[in-house]
Ligand code: PMP
């Protein structure tokens, strides 16, 4: 029952009302009602979590570890994360004060924004980007400011583009490499070029490196590993992608102690802790699972190579994605918007992709194709895309 003095239109906060629903959902809802669909739409691994990881979680339940963990996560897991990050990415984080286990990387982004933003603070979001960034900035009271990238520069952001977007309200910048949706990443040299502008304007950097392990052509360099950057970086990481654990809802955030303490404050009031049984699985994944990560990575790489070659063969311009599991070809030559193209492809050829426009500035004119699906599906999808392109000629 709504009390009589409450007007219906006051039920929702202005902040939430201002947020647009995700553009991805509409396509999935359409696709889920159709048969014989090949989906290149979803952004998740096609592997099931390796058995020993599942078993470790099951075993923790059998042994009765069903209580809350420490708010920041199991100490053993934080220690393992700290060890893993140093081994793999040469960054050092103290498990006591600089590591927080979160409910997915998503929570890390959310509490990071809420920890640093006051009303009206601006966050530069380099786009095309993961669809959650701008809404999470807004929900924390901030203002997202887009900086677009383009296929001409392999979707890499430049220091001058960032500098142009900076105002006296700019507090932070959101980077993601390897990137969703473009698959583009930044090497050490390209990252170093951003350091000066970030220091000059005293910005906090959100570095979403959830796809770090899925970097195909060179070794991933963490933003926090760059000289002087650790103290201004909120490093977002997680188990969903490389460890094939999307449904476990487990990630972690690494940050200097003052920022981490603020995030922990929010986390402990809103969530208490990440699920304990998932944490036991993650512990096993870090201890024994890196060979499988490598095996899955090689499999994605093979599919990446196939997709890039195939797009070229059917005449679609596509930069070579260096990481993650997405290709972002241009469909500009068809004269259709990305949304119209994706809708036609779904209705006429039964292939689900995501229109580039939903990923913000620089996304229009492209479609996001996740290649985390079987080779058989990929081959059929390419044939079907080609059939549509032939008809559109
Ligand atoms: N960041 C990026 C770039 C992503 O693509 C995703 C998932 N699509 C996330 C964060 C969220 O990951 P999680 O499942 O760990 O919340």
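Residue numbers (the UniProt record's numbering): 1 to 393.
We put the beta carbon where it would ideally sit given N, CA and C, even for glycine.
DSSP three-state call for residue i: helix, strand or coil?
i, result
"residue 245", "coil"
"residue 66", "coil"
"residue 125", "strand"
"residue 174", "strand"
"residue 162", "helix"
"residue 255", "coil"
"residue 323", "strand"
"residue 210", "coil"
"residue 274", "coil"
"residue 225", "helix"
"residue 18", "coil"
"residue 195", "helix"
"residue 331", "coil"
"residue 59", "helix"
"residue 215", "strand"
"residue 352", "strand"
"residue 39", "strand"
By the DSSP assignment, the beta strand (DSSP E) with residue i in it spans what residues?
i, result
"residue 361", "Note, residue 361: premise wrong, no beta strand (DSSP E); not H, not E."
"residue 146", "143-148"
"residue 234", "233-238"
"residue 399", "The requested residue 399 does not occur in the structure, where the chain is confined to residues 1 to 393."
"residue 370", "367-370"
If we call anything under 9 Å between Cβ atoms a contact, is residue i one with residue j?
i, j, result
"residue 286", "residue 83", "yes"
"residue 234", "residue 252", "no"
"residue 109", "residue 133", "yes"
"residue 224", "residue 204", "no"
"residue 226", "residue 195", "yes"
"residue 120", "residue 147", "no"
"residue 240", "residue 176", "no"
"residue 331", "residue 382", "no"
"residue 341", "residue 321", "no"
"residue 65", "residue 276", "yes"
"residue 131", "residue 19", "no"
"residue 57", "residue 292", "no"
"residue 42", "residue 310", "no"
"residue 324", "residue 214", "yes"
"residue 46", "residue 352", "no"
"residue 70", "residue 266", "no"
"residue 60", "residue 243", "no"
"residue 89", "residue 212", "yes"
"residue 123", "residue 170", "yes"
"residue 384", "residue 35", "no"
"residue 274", "residue 107", "yes"
"residue 218", "residue 166", "no"
"residue 208", "residue 245", "no"
"residue 158", "residue 199", "no"
"residue 337", "residue 151", "no"
"residue 363", "residue 138", "no"
"residue 162", "residue 380", "no"
"residue 257", "residue 80", "no"
"residue 31", "residue 346", "yes"
"residue 389", "residue 348", "no"
"residue 112", "residue 15", "no"
Taking the continuous alpha helix (DSSP H) assigned at residue i, which residues delimit it?
i, result
"residue 92", "Segment: none, residue 92 is in no alpha helix (DSSP H) and carries neither H nor E."
"residue 136", "133-139"
"residue 304", "290-313"
"residue 342", "338-349"
"residue 386", "375-392"
"residue 23", "23-32"
Query raised in the report: Taking contact to mean at least 3 C-beta pairs separated by less than 8 Å, is the segment 168-183 in contact with the segment 353-370?
Result: yes
Query raised in the report: Is the segment 242-259 in contact with the segment 96-104, if contact means three or more CB pairs nearer than 8 Å?
Result: yes
Query raised in the report: Which residues have a Cβ closer than 6 Å to any heavy atom of the ligand PMP, listed in chain order?
Result: 43, 104, 105, 106, 130, 176, 180, 208, 210, 238, 240, 246 and 251
Query raised in the report: How about the segment 300-307 and the segment 48-58: do they share at least three Cβ pairs that are nearer than 8 Å?
Result: no
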